Amino acid sequence: MSKSESETDLSPSEMIDQRIKELGDWRGEMLARLREVIRQADPEMVEEWKWRGVPVWYHDGMVCTGETYKSAVKMTFAKGAALDDPSGLFNSSLDGNTRRAIDFHEGDEIDEEALKALVRAAVTLNAARARR
């Protein structure tokens, strides 16, 4: 982003695009791939940009975030503790009562079908809670 262009001039999706380009390494590639899997799982997903630089995906409430760190891309599910994870994708933030996360490291493969199922389960949970 040029210094004359502020983040408020960009849509959340454009800011996510920009973050992926700025990373310029495996983390950007991983975030882009995770984003694509999320969109395939739920084409109605809404992208937001929160907390000074975290991509967040919503459908009837927060579904997940895509945080980038030096050694990992962390996909945190807002209500992950309430989700079944038959494929054992969750590998981080396992002690909390609400959230669960998946840390992806350089060279990790994505089990796309299992991840799509987890995203869809999160959306279904949000929808059920929204109807109450």
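Under this note's numbering, think of the first position of the sequence shown as 2, with each following residue one higher. Idealized CB from N, CA, C, for every residue including glycine. A quick note: this is a predicted structure, and the numbers were derived from the prediction, not measured.
Arg40 versus Met46 - alpha carbon distance: 6 Å
Beta-bridge partners of Ala102, as assigned by DSSP: Answer by DSSP bridge pairing, in chain order: Thr77 and Ser93.
Identity of the residue in Glu107, Thr69, Val38 and Ser88 nearest Arg53 by Cα: Thr69
Extent of the continuous alpha helix (DSSP H) to which Met63 belongs: No alpha helix (DSSP H) contains Met63, which is instead part of the beta strand (DSSP E) from Met63 to Thr69.
Cβ-Cβ distance between Asn56 and Ile17 below 9 Å: Residue identity check: residue 56 is Pro in the sequence provided, not Asn. Taking 9 Å as the Cβ cut-off, Pro56 and Ile17 qualify as a contacting pair.
Range covered by the alpha helix (DSSP H) that runs through Glu110: Looking at the DSSP string, Glu110 is not in any alpha helix (DSSP H), and its letter there is neither H nor E.
Nearest-angstrom Cα separation, counted from Phe78 out to Ala123: 8 Å
Coarse secondary structure for Trp27, derived from DSSP in three states: helix
Residue interval of the beta strand (DSSP E) (run including Glu49): Val47 to Lys51
Rounded separation between Lys80 and Ala118 - CA only: 14 Å
Through-space distance from Glu37 to His60, alpha-carbon basis: 16 Å
Close beta carbons around Ser3, own chain, < 6 Å, minus the five adjacent residues each side: Reliability fails at Ser3, whose pLDDT of 49 lies under 50, so the model's placement of it is uncertain and the value that follows must be treated cautiously. So no residue of the chain qualifies.
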